[in-house]
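A.B. asks:
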Amino acid sequence: MFAIIQTGGKQYRVQEGDVIRVESLKGEAGDKLDLAPLFVGGDKALFGDAVAKFVVNAEVVEHGRGEKIYIRKYKSGVQYRRRTGHRQDYTAIKILGIKG
287 MFAIIQTGGK QYRVQEGDVI RVESLKGEAG DKLDLAPLFV GGDKALFGDA
337 VAKFVVNAEV VEHGRGEKIY IRKYKSGVQY RRRTGHRQDY TAIKILGIKG
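If you use the numbering used here, the sequence shown corresponds to residues 287 to 386, in order.
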């Protein structure tokens, strides 16, 4: 059985036992989360009102920062060059189960 969840403006396909990195969430390592699925699939596909009975149980594994991404800006002819960096915060969560 799998589910599609939405968090941080992105959608993820998850199964029991998966560890995924999502946009930064509140909570300490070891905290439990309940996420509402958009779609549940497996033997039978469920969405809409039928999926409202389901819940995806997850646990916060860690918080961290991703790899550095360099952004370069350039304008020709005017000797304009800029380079900046960015590291995105993330939260790693482990899917404990899909109940419903």
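The C-beta atom is built at its ideal place from N, Cα and C for all residues, glycine as well.
In chain order, what residues of the same chain have a beta carbon less than 6 Å from the beta carbon of Tyr360, not counting five sequence neighbours either side?
C.D. replies: Only Arg367 meet the Cβ criterion.
A.B. asks: Measure from the alpha carbon of Gly295 to the alpha carbon of each residue in Glu309, Gln301, Met287, Leu319, then state which is nearest.
C.D. replies: Here the closest residue by C-alpha is Glu309.
A.B. asks: If you compare alpha carbons, which of Gly363, Lys354, Ala344 is closest to Asp320?
C.D. replies: Checking every option, the nearest Cα to that of Asp320 belongs to Ala344.
A.B. asks: Per DSSP, what kind of secondary structure is Val364 in: helix, strand or coil?
C.D. replies: If DSSP states are grouped into helix, strand and coil, Val364 belongs with coil.
A.B. asks: CB Lys385 to CB Phe340, shorter than 8 Å?
C.D. replies: Their beta carbons are under 8 Å apart, which means Lys385 touches Phe340 by this criterion.
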